[in-house]
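In our numbering, the protein residues as written are 433 to 689.
Ideal Cβ positions, reconstructed from N, Cα and C, are used throughout, including at glycine.
The next block holds one structure in the form of structure tokens; read it before the comments.
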């Protein structure tokens, strides 16, 4: 039997409106009952901006730790601006909020990376930070292309800062960019430190995230091409008619897949 690894439930799997209404802690409790080891807090799902204040984040982080969950802090902010410059202010803000939460990972979108990784500047921002920076492949052309990610890691290596950050590999998001996730996995696996798990249905603007089928050989092949010692995050929507049972079933399945 395959060795089980940490499974994270992403807050949005419970539904965006439900998280804004009930709060992250309510759904973190459900995640713990489902058997998850970690919980991904989504900044864009805070009901009000005050939820991102340091004291509120510390309280939430302490509550998560009390449940036995470790945290990911996800922000929709991008590491690079549209003109390709490092957004140092966005990185500082995300680091401060993630640190207040006590998160293990802070996850940003890649944004407009265009060749200059500014690895030394990132390393300076990360100095002394007790949180790991990861960037995620998004659904948009800016920040979602395979060439941007291979270019980023090549640039960081050239600059002598190969280890300053890692990648959140979102299996489903490649569909929006017409990239085969298995091809991307083969190129990016050494840099992957966290996996977002979902597949998609539909096409174009009518494409939606869904749970992988248990017999989805393509999805399993992608998992098999990625590191087994990194956490896997559930980012597909649960069945709203039996949400906690569905969460527990998928936690168990994904841990052993």
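According to DSSP, simplified to helix, strand and coil, what is residue i?
{"i": "residue 665", "result": "strand"}
{"i": "residue 567", "result": "strand"}
{"i": "residue 593", "result": "coil"}
{"i": "residue 449", "result": "helix"}
{"i": "residue 581", "result": "helix"}
{"i": "residue 433", "result": "Here residue 433 scores only 35 on pLDDT, less than 50, and its place in the model should not be relied on; the value that follows carries that caveat. Residue 433 falls in the coil class under three-state DSSP."}
Within 10 Å of its beta-carbon, does residue i have 16 or more other beta-carbons around it, so buried, or fewer, so exposed?
{"i": "residue 458", "result": "exposed"}
{"i": "residue 460", "result": "buried"}
{"i": "residue 448", "result": "exposed"}
{"i": "residue 623", "result": "buried"}
{"i": "residue 535", "result": "buried"}
Quick one: what's got a C-beta closer than 6 Å to residue i's C-beta in the same chain, skipping five residues either side?
{"i": "residue 388", "result": "Examination of residue 388 is not possible in this model, given that the chain is present from 433 through 689 alone."}
{"i": "residue 643", "result": "668"}
To the nearest angstrom, report how far apart residue i and residue j are at their CA atoms.
{"i": "residue 507", "j": "residue 476", "result": "7 Å"}
{"i": "residue 530", "j": "residue 504", "result": "8 Å"}
{"i": "residue 414", "j": "residue 442", "result": "The first residue shown for the chain is 433 and the last is 689, placing residue 414 beyond what the model contains."}
{"i": "residue 540", "j": "residue 564", "result": "11 Å"}
{"i": "residue 472", "j": "residue 654", "result": "22 Å"}
{"i": "residue 548", "j": "residue 594", "result": "13 Å"}
{"i": "residue 576", "j": "residue 466", "result": "31 Å"}
{"i": "residue 521", "j": "residue 568", "result": "18 Å"}
Could you check where the beta strand (DSSP E) with residue i kicks off and where it finishes?
{"i": "residue 642", "result": "640 to 642"}
{"i": "residue 683", "result": "Where residue 683 is concerned, there is no enclosing beta strand (DSSP E), although the alpha helix (DSSP H) it sits in stretches over 675 to 688."}
{"i": "residue 474", "result": "470 to 474"}
Could you check where the alpha helix (DSSP H) with residue i kicks off and where it finishes?
{"i": "residue 513", "result": "Counting along the chain, residue 513 falls outside any alpha helix (DSSP H), and DSSP gives it neither H nor E."}
For residue i, which residues in the same chain have their Cβ closer than 7 Å to its Cβ, ignoring the five residues on either side in sequence?
{"i": "residue 561", "result": "527, 531"}
{"i": "residue 566", "result": "537, 539, 597, 598, 599, 600, 625, 626"}
{"i": "residue 513", "result": "519, 543, 544"}
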